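Each residue of the sequence shown is one higher than the one before, starting from 11 at the first, in this note's numbering. The beta-carbon is built from N, C-alpha and C at its ideal position, and this holds for glycine as well. Computed from a predicted structure; not experimentally measured.
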Amino acid sequence: MKLFDQSKSKLGLNAIAFALTAATLAACGEKAAQSPEETAAPAAEAGKPSAIATLELSNPSAFPRLDEAVYLSYYELGLKAGFASPIAVWNQAEQIPVQAIDKDTDGSKDGIIFTVDVAVDETLKLRIAKADAPADSVAKRTQAEISHKVGGEWKEREYLGGSFQNVSNLDVPKEHTDHSWYIRYEGPGIESDLVGYRVYLDWRNGFDIFGKSTQEPVLQGVGQDGFDSYHEPADWGMDILKVGSAVGVGGYGYWDGEKVIRVSDVQDWRAEITENGDLYSAFKIDYLGWKPVEGVATDLSAQLSMHAGSRLVEVNAKTSEELDNLIAGIVNHKGTELIVGDMDITGHAYTYIGTYGPQSLDGANLGMAVLAKRKAIKETTSDEHNQVAILKPADKEVQYYFVAAWANEVESRHGPITTKAEFETYLEQEAEKLTMPLRQRLTTAASAAETEQPLSADVALDWSKRLADSELERKTLDYRFGGYDHIRKRPSYFEYTTGMVMQAYDELNQVAPEARYADAVQTVMGSFVNEDGSINGYVQEKYNIDSIRAGTMLLRMYERNNDASYKKAVDTLFEQLEHHPRTSAGAFWHKKRYPYQVWLDGVYMGIPFLAHYEQLMHEKPNVDEVLAEFKLVNEVLKDPETGLFYHAWDEKRQQEWANKESGLSGYHWARGMGWLAMALVDVLDFIPEENAEQRQYLLDMIAEIAPVIEKYQDPETGTWWQIIDKPGERGNYRESTASTMFTYFYAKALNQGYLPKDKYLATAKKAYQGLLDEFVQVHADGTISITDMCQVAGLGFGRDGSYEYYMSEPIYDDDPKGTAPFITSGVEMYKLLKSES
11 MKLFDQSKSK
21 LGLNAIAFAL
31 TAATLAACGE
41 KAAQSPEETA
51 APAAEAGKPS
61 AIATLELSNP
71 SAFPRLDEAV
81 YLSYYELGLK
91 AGFASPIAVW
101 NQAEQIPVQA
111 IDKDTDGSKD
121 GIIFTVDVAV
131 DETLKLRIAK
141 ADAPADSVAK
151 RTQAEISHKV
161 GGEWKEREYL
171 GGSFQNVSNL
181 DVPKEHTDHS
191 WYIRYEGPGI
201 ESDLVGYRVY
211 LDWRNGFDIF
221 GKSTQEPVLQ
231 GVGQDGFDSY
241 HEPADWGMDI
251 LKVGSAVGVG
261 GYGYWDGEKV
271 IRVSDVQDWR
281 AEITENGDLY
291 SAFKIDYLGW
301 KPVEGVATDL
311 SAQLSMHAGS
321 RLVEVNAKTS
331 EELDNLIAGI
341 VNHKGTELIV
351 GDMDITGHAY
361 TYIGTYGPQS
371 LDGANLGMAV
381 LAKRKAIKET
391 TSDEHNQVAI
401 LKPADKEVQY
411 YFVAAWANEV
421 ESRHGPITTK
431 AEFETYLEQE
441 AEKLTMPLRQ
451 RLTTAASAAE
461 TEQPLSADVA
471 LDWSKRLADS
481 ELERKTLDYR
491 FGGYDHIRKR
501 PSYFEYTTGM
511 VMQAYDELNQ
521 VAPEARYADA
531 VQTVMGSFVN
541 EDGSINGYVQ
551 EKYNIDSIRA
561 GTMLLRMYER
571 NNDASYKKAV
581 DTLFEQLEHH
591 PRTSAGAFWH
601 KKRYPYQVWL
611 DGVYMGIPFL
621 AHYEQLMHEK
631 PNVDEVLAEF
641 KLVNEVLKDP
651 ETGLFYHAWD
661 EKRQQEWANK
671 ESGLSGYHWA
681 RGMGWLAMAL
691 VDVLDFIPEE
701 NAEQRQYLLD
711 MIAEIAPVIE
721 KYQDPETGTW
731 WQIIDKPGER
741 GNYRESTAST
751 MFTYFYAKAL
761 NQGYLPKDKY
771 LATAKKAYQG
781 LLDEFVQVHA
791 DGTISITDMC
801 QVAGLGFGRD
811 GSYEYYMSEP
821 IYDDDPKGTA
831 PFITSGVEMY
841 KLLKSES
């Protein structure tokens, strides 16, 4: 299905203006002395809009994406917070409606949202520009409102007389309860062009549904003529759900072990309309002093939002106190069928629970569901009134979606949905859309103005320093023991990413000494080592090879301080390796909970530490032990046809992801190759020159892997793809962590003389420039980010190793698995380019 025929469209004047601006930036290669806002939106010719960015959007699914919402923050666009000028988005000559929104509800606009249609295998190429004037008005497709009576009076628990008035916020009076006739349709409402919802702003806290027979906004007229009128069919539709004693559709509450406790025992309620726009609307409810069970009290704040062309409501609910067993539920009507999505999937993928059947008040079929990340669902269960997903909060917060699809809803290109089979297909697709958003390639004028300057040693070093300083400002010190990992939303602990980041700061400090870099290393790594040498947050009995990686930085610190506590700490890590379970050939299991499995990741996690420890602590280092892992990987995990390496190997051939004959996983994951490549150049630092035979084995591996990696370097950008040998495949994307690792590999191998410069210097330069052009994002405050990072990709426990799995993992900015090698690749490029000058 082709939604757009772009081949017949012509480039308009605005596109030409943007092209000229981009060409000027490329030619100049210099940053002008402008304010951040001016840098992000360079001056344009008279009458033409100023360029802000270009954006490519591609569809990773085998079905069309209709009305897919795209949110771009001012931060990533290189604009100042609260950017006041109107922004235009162009799809060739067509201007797309845009809304500026306050997504985080802090009172200031923080970005823009728009919707697009993207056909299967289609890529849209959009231009984002500063508009000379606000765009022409467009059809209103969403709405949020709350309305209460004024001009009447309270008589005990009822409000008599008066008329309704819409307000932006409401502190609920103490007199108010259910059927007080004070709040129109009993609470705040929200709608898109497909469906509407309301929340009872009283002790019931039920979530109800307004089925719509029109795509026009309807909430403004609902209940104006009386509280019961909307229960009967009208031109606009009707109330279609009997909530009763349940939470309704997607309502939240607490699971006491046997039943749902609704958000009823509350000291005070407050509601606020945070957005009421054409494309996106939202409201927030604060429940003050909620007592879900005896002896427990907390405030609960929940934001509900919708965008145009969608039936889904996003819910972000956060408590002031730690509270497990928050739930999202659906009323459990008799005569309906329970629908449960796949629960044996990766934790980051979305799944659902739902019901379907003739449960609408008009007797029509109605589907309802809750969608959440698998890792957020502790279990699914039910009580007398509800089907329930019990949720696991992260940082006291839960995030999920709820949805309703009514068989009699308005006819549109989105439906209606009239059968259980159609509803199940719809839920599968919505779960996939949440799991795999549209692939984005964003290139901002603010970034291009700085990344297109000529590459030099000082430029490379400056980029490393800028990212190190940006991360110091954002989160580096939070990696210390007792801190908080803001990406994974969990307490910080002793793990490989901590060691990687601190080693990167240490590498940077060696070529560009700054007290803040050395202090960061000591602050973070020192927080884990106690006086007795014990390591905070480390559990040897897990036999997790990843934990060893953090010890590389402890070895460096021990070399410098000769502190007995650090000696004890690294001895403890070495002791793990001495007892670590192994395959029959002697290779380390990846973890105790991953028996008989060798992953490419593990070579980097454990072997450079082992080599360094042997070199530092033993008069005769056991180099054969160091090489054993490389030899097994080289002999077993390498694909003889391509020279690429498979992600993992299961010696017992028992894992779902493992080939039953070879035991190998199915795909060549780029970052897995990156781990191996970095391990090769790092481990040689600690193998004595007299061990010529062992060194030569590793040097031969480097010589063999270098042309293989080069072969799969993207010719357009100099970077590498998530699945390295499937460039351009549906859903695949250029991935920055692997690209930074390969850049580091080439630069360090050249610096150490492991690779000839006449063959690979151009490759290294192209790779590094590719990092700058493709992944560096410059913000208005001068900080930078690295984009397009696969957060994590493992195997087992729902991770089936399929192509779809590798595409389903979240894509983040500034994950330490990419920030650390970006910093070190810049350090190595600094050394390399300095030697060339």
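Rounded straight-line distance, which links the Cα of residue j to that of residue i
i	j	result
P766	L760	7 Å
L134	R451	10 Å
A772	V80	37 Å
Q641	F598	Residue identity check: residue 641 is Lys in the sequence provided, not Gln. Spanning the two alpha carbons is a distance of roughly 12 Å.
L471	I833	8 Å
I271	A338	11 Å
V306	Y756	57 Å
G357	W609	20 Å
S118	A638	57 Å
T486	F504	14 Å
T49	A459	With a pLDDT of 36 at T49, under the threshold of 50, the modelled position of that residue is not reliable, and the figure given next carries that caveat. Spanning the two alpha carbons is a distance of roughly 8 Å.
V350	Y362	6 Å
E585	F655	29 Å
T593	S672	15 Å
E819	G828	15 Å
L401	A256	17 Å
V148	L322	22 Å
L626	M567	12 Å
E666	Q109	45 Å
M839	S315	46 Å
S173	G364	38 Å
M799	D131	22 Å
T507	Q520	20 Å
W164	G231	24 Å
N-terminal and C-terminal residue of the beta strand (DSSP E) that residue i is part of
i	result
I200	199-201
L315	Here residue 315 turns out to be Ser, not Leu, going by the sequence shown. Per DSSP, S315 belongs to the beta strand (DSSP E) from 308-317.
V259	259-265
V786	786-788
F293	290-300
T77	A small fix is needed here, since residue 77 is Asp in this sequence, not Thr. Taken as a continuous stretch (DSSP letters only), the beta strand (DSSP E) holding D77 covers 75-83.
A145	Where A145 is concerned, there is no enclosing beta strand (DSSP E), given that its DSSP letter is neither H nor E.
T486	No beta strand (DSSP E) holds T486; DSSP gives it neither H nor E.
I427	Note, I427: premise wrong, no beta strand (DSSP E); not H, not E.
Which residues DSSP lists as bridging residue i, in chain order
i	result
P501	Y494
S158	Contrary to the premise, residue 158 reads as His rather than Ser in this sequence. Bridge partners of H158: Q175, I193.
M378	T365, A414
R280	D181, D296
W100	Q105, R137
N554	K601
I271	Y264
Contact under 8 Å by Cβ, residue i with residue j
i	j	result
L251	I200	no
Y410	L376	no
Q153	S291	yes
L67	L136	yes
W191	Y169	yes
F619	L694	no
M446	G804	no
A374	N418	yes
H622	L76	no
K222	E332	no
N540	N546	yes
T453	I62	no
Y195	V259	no
L289	I123	yes
G481	D710	In the sequence on display, residue 481 carries Glu and not Gly. In this structure, D710 does not lie closer than 8 Å to E481 by Cβ.
Y360	L444	yes
K683	A748	It is worth fixing the name first, because residue 683 is Met in this sequence and not Lys. In this structure, A748 lies closer than 8 Å to M683 by Cβ.
Endpoints, alpha helix (DSSP H) assigned at residue i
i	result
T533	525-536
L437	430-445
Cβ of residue i within 8 Å of any chain B Cβ
i	result
N632	No chain B is present in this structure, which holds just one protein chain.
Fill in: Continuous beta strand (DSSP E) assignments of at least 3 residues falling wholly in the stretch 785-820
786-788, 794-796
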